[in-house]
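*Asks:* Right, I'll just put the structure down here and ask away after.
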Amino acid sequence: MSANKQRVTIKGTRDGLNIFIEDTCSFHEAMADLHEKIVESERTNDKQPVPVTVKIGNRYVDNEQQTDITELIETNSNLQVKKIESNVIHKEQALAWKEESEVKIVNRMIRSGQVLDIKGDLLLIGDVNPGGLVISTGNIYIMGNLFGIAHAGSGGDRKAIIAASYMKPSQLRIADYISRAPDYDSEGVYMECGFIDEKIDQIIIDRLQVLSTMRKDLSAFERRMFNG
Amino acid sequence: MGEAIVITSGKGGVGKTTTTVNIGTALALMDKKVCLIDTDIGLRNLDVVMGLENRIIYDIVDVIEGRCKLKQALIKDKRFDDLALLPAAQTSDKTAVTAEGMKQIIAELKHDYDYIIIDCPAGIEQGFQNAISGADKAIVITTPEKSSVRDADRIIGLLENEEIDPPKMIINRIRQHMMKNGDMMDIDEIVQVLSIDLLGIVIDDEAVIKAAHQGEPVAFHPHSKASIAYRNIARRILGETVPLQSLEEEKGMLQKVKKFFGIGS
Numbered sequence: 000m001s002a003n004k005q006r007v008t009i010k011g012t013r014d015g016l017n018i019f020i021e022d023t024c025s026f027h028e029a030m031a032d033l034h035e036k037i038v039e040s041e042r043t044n045d046k047q048p049v050p051v052t053v054k055i056g057n058r059y060v061d062n063e064q065q066t067d068i069t070e071l072i073e074t075n076s077n078l079q080v081k082k083i084e085s086n087v088i089h090k091e092q093a094l095a096w097k098e099e100s101e102v103k104i105v106n107r108m109i110r111s112g113q114v115l116d117i118k119g120d121l122l123l124i125g126d127v128n129p130g131g132l133v134i135s136t137g138n139i140y141i142m143g144n145l146f147g148i149a150h151a152g153s154g155g156d157r158k159a160i161i162a163a164s165y166m167k168p169s170q171l172r173i174a175d176y177i178s179r180a181p182d183y184d185s186e187g188v189y190m191e192c193g194f195i196d197e198k199i200d201q202i203i204i205d206r207l208q209v210l211s212t213m214r215k216d217l218s219a220f221e222r223r224m225f226n227g
Numbered sequence: 000m001g002e003a004i005v006i007t008s009g010k011g012g013v014g015k016t017t018t019t020v021n022i023g024t025a026l027a028l029m030d031k032k033v034c035l036i037d038t039d040i041g042l043r044n045l046d047v048v049m050g051l052e053n054r055i056i057y058d059i060v061d062v063i064e065g066r067c068k069l070k071q072a073l074i075k076d077k078r079f080d081d082l083a084l085l086p087a088a089q090t091s092d093k094t095a096v097t098a099e100g101m102k103q104i105i106a107e108l109k110h111d112y113d114y115i116i117i118d119c120p121a122g123i124e125q126g127f128q129n130a131i132s133g134a135d136k137a138i139v140i141t142t143p144e145k146s147s148v149r150d151a152d153r154i155i156g157l158l159e160n161e162e163i164d165p166p167k168m169i170i171n172r173i174r175q176h177m178m179k180n181g182d183m184m185d186i187d188e189i190v191q192v193l194s195i196d197l198l199g200i201v202i203d204d205e206a207v208i209k210a211a212h213q214g215e216p217v218a219f220h221p222h223s224k225a226s227i228a229y230r231n232i233a234r235r236i237l238g239e240t241v242p243l244q245s246l247e248e249e250k251g252m253l254q255k256v257k258k259f260f261g262i263g264s
């Protein structure tokens, strides 16, 4: 039907060079066309590698096929594949994604010696007692007393925060940062949160209200989608 | 059908054995049939505190390994017929007792006794697991010290995983003046951190040490504060509502007169 419709097109946009691959033909056909296109558009005098984004529409490619595409492009031209963008993802991947983007509600006490380790954001209704440990890949919100240790952004998310109704933690950990309680006996604080201040490169504790300016995207779905 | 209650604490030296003896005695004083079990194999002393040491012939390990019948190993208290003791072994080591063996013994005792009170060893190893394996209820003992409260918290966490009713707590060895001055944790603070029901408070009382020295439970002495506290706890176990003991120290007549004239403290 569309014999002269091109399966593979190369376009330059404001964000850089894009290769579009039609998603209705077979992978085999697409690869053949891609090869043809790459070879014919090759510019030998350009030594500098040019970054390119491959957009494959509603086509699912597994890891092996992704390497095939990357190899084909990079061996036959001076293009460098920056990213392969697909509109679809695998079901397993989607489930993992969902798990990491959810706010998990846990309703119990974390006592001395107990560890609660979850993916995504944690909303704990209950206390964390001295010697207790809560870990999450996202943010930690505690409706209760935090006396033990809380570790937010355990997967390396430095934007993660820890908020609690009452804070008197023995340690706060965010990503790879650790801060501990002072050696003198201090009073705890109500309705505060801990986060990493980039300017002084350490964890600070401040009123919950500052979050609205410090972490504007706290409740955004995208943030939760990419944490963990 | 009786009820098995384990007395535990995690930390050593907070008064598990004393509490076991005195709750047992107080329950027996209220005409309940009570059996105490010492599960601290190798370090038995429940019999010493009760003054029954020289009557031991068989012990719990003999029962489990089939060298005697359960009834033969039980020691009747010299003061009541309704109070019995199953002593721990002093020579064997902790591996001689299994959770399964404990369950069997407790199930058998439940036919004859209203309350079976199990004295748990310190720590969270096998001895602890054995002691709690047959229990229906648990009482956690703590003192107003940070380390003791921390261990109680750990124990409560471990008990949550077992098929036992939510544990209740006794705060032992309270020193009123230290609590008032903030040198010890106060009762509200402990209850808030552990967030379990308070079964009773026991004031640090020299009468307890004296009674243990004489091999006579303090719950017998009608006037000491600790004795009243233990009897109140026993009444609460039976389901009565008893208010907590006041922590205020009673002032002598002279101080009252001084206060009246505004010269005392």
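Chains as they are written, first to last, in numbering that gives the first Met the number 0: chain V, 0 to 227; chain E, 0 to 264.
Heads up, the beta-carbon is just placed ideally off N, CA and C, and yes, glycines get one too.
Just so you know, these numbers come straight off a predicted model, no measurement behind them.
Would you report the Cα separation of V60 (chain E) and F127 (chain E), rounded to the nearest angstrom?
*Replies:* About 16 Å.
*Asks:* Please name the residue, chosen from V:N138, V:W96, V:D184, that lies closest to D116 (chain V) on a Cα-to-Cα basis.
*Replies:* When each option's Cα is compared against that of D116 (chain V), the closest is V:N138.
*Asks:* Judging by CA-CA distance, which residue of V:N106, V:N62, V:V49 is the nearest neighbour of N75 (chain V)?
*Replies:* Measuring from the Cα of N75 (chain V), the nearest candidate turns out to be V:V49.
*Asks:* Hey, quick one: how far does the alpha helix (DSSP H) through F26 (chain V) stretch, first residue to last?
*Replies:* Taken as a continuous stretch (DSSP letters only), the alpha helix (DSSP H) holding F26 (chain V) covers 26-39.
*Asks:* Go ahead and pull the three-state DSSP assignment for K224 (chain E).
*Replies:* K224 (chain E): helix per DSSP, three-state reduction.
*Asks:* How many Å lie between P181 (chain V) and G125 (chain V) at the Cα?
*Replies:* Looking at the two C-alpha atoms, the distance is approximately 24 Å.
*Asks:* Considering Cα atoms alone, identify which of E:L158, E:P165, E:L35, E:D204 is closest to Q175 (chain E).
*Replies:* Cα-wise, what sits closest to Q175 (chain E) is E:D204.
*Asks:* What are the boundary residues of the alpha helix (DSSP H) that includes S132 (chain E)?
*Replies:* Unbroken alpha helix (DSSP H) run through S132 (chain E): 125-132.
*Asks:* In the DSSP output, which residue or residues are listed as bridge partners for K75 (chain E)?
*Replies:* K75 (chain E) is bridged to E:A83.
*Asks:* Kindly indicate which three-state DSSP category F194 (chain V) falls into: helix, strand or coil?
*Replies:* Strand at F194 (chain V).
*Asks:* Alpha carbon to alpha carbon, how far is R206 (chain V) from L237 (chain E)? Give it in angstroms, no decimals.
*Replies:* About 48 Å.
*Asks:* Among residues of its own chain, excluding the 5 on either side of I55 (chain E), which ones have a beta-carbon nearer than 7 Å to its beta-carbon?
*Replies:* Cβ within range, chain order: D46, I74, P86.
*Asks:* Any beta carbon of chain V sitting closer than 8 Å to that of G1 (chain E)?
*Replies:* No, G1 (chain E) lies away from the interface with chain V (no Cβ there is under 8 Å from its Cβ).
*Asks:* Quick check on DSSP: helix, strand or coil for S1 (chain V)?
*Replies:* Residue placement at S1 (chain V) is flagged as unreliable, the pLDDT there being 47, under the threshold of 50; the coordinate-derived value follows with that caveat. Coil.
*Asks:* Can you list, in chain order, the residues of its chain whose CB lies under 8 Å from that of M30 (chain V), leaving out five sequence neighbours each side?
*Replies:* Once the five neighbours on either side are set aside, the close Cβ partners of M30 (chain V) are D67, I68, L71.
*Asks:* Would you mind reading off the limits of the beta strand (DSSP E) that contains M166 (chain V)?
*Replies:* It spans 161-166 - the beta strand (DSSP E) in which M166 (chain V) sits, taken as one unbroken run.
*Asks:* At which residue ranges does the segment 103-184 of chain V contain complete alpha helix (DSSP H) runs of 4 or more residues, listed in the order of the chain?
*Replies:* The qualifying runs do not exist here; there are none.
*Asks:* Starting from Q92 (chain V), trace the beta strand (DSSP E) in both directions and tell me its first and last residue.
*Replies:* Where Q92 (chain V) is concerned, there is no enclosing beta strand (DSSP E), although the alpha helix (DSSP H) it sits in stretches over 90-100.
*Asks:* Opposite L16 (chain V) in the DSSP bridges: which residues?
*Replies:* DSSP lists V:G11, V:V51 as partners of L16 (chain V).
*Asks:* With a cut-off of 8 Å, does the C-beta of S8 (chain E) fall near any C-beta of chain V?
*Replies:* No, because no Cβ of chain V sits closer than 8 Å to the Cβ of S8 (chain E).
*Asks:* Could you name the residues of the segment 141-155 of chain E whose beta carbon sits closer than 7 Å to any beta carbon of chain V, in the order they occur along the chain?
*Replies:* Those residues of the segment 141-155 of chain E that come within reach of chain V (Cβ to Cβ, closer than 7 Å) are R149, D152, R153, I155.
*Asks:* Taking DSSP as the reference, what is the three-state secondary structure of V13 (chain E)?
*Replies:* Coil at V13 (chain E), not helix or strand.
*Asks:* Leaving out the 5 sequence neighbours to the left and right, which residues in its chain are closer than 7 Å to S40 (chain V) when beta-carbon positions are compared?
*Replies:* Around S40 (chain V): I9.
*Asks:* Leaving out five residues on either side along the sequence, give the residues of the same chain with a beta carbon under 8 Å from the beta carbon of V60 (chain V).
*Replies:* Contacts found: F26, I68, I83, S85.
*Asks:* Skipping 5 residues on each side, what residues in its chain have a beta carbon closer than 6 Å to that of I36 (chain E)?
*Replies:* Excluding residues within five positions, the ones whose Cβ falls inside 6 Å are L85, I117.
*Asks:* For D37 (chain E), report the span of its beta strand (DSSP E) as first-last.
*Replies:* Here the beta strand (DSSP E) through D37 (chain E) covers 33-37.
*Asks:* Taking 6 Å as the limit between beta carbons, can you name the residues of its chain near Y140 (chain V), skipping five residues before and five after?
*Replies:* For Y140 (chain V), where only same-chain residues beyond five positions count, the Cβ hits under 6 Å are L122, A162.
*Asks:* Are there 16 or more other CB atoms within 10 angstroms of the CB of G155 (chain V), so buried, or fewer, so exposed?
*Replies:* Result: exposed.
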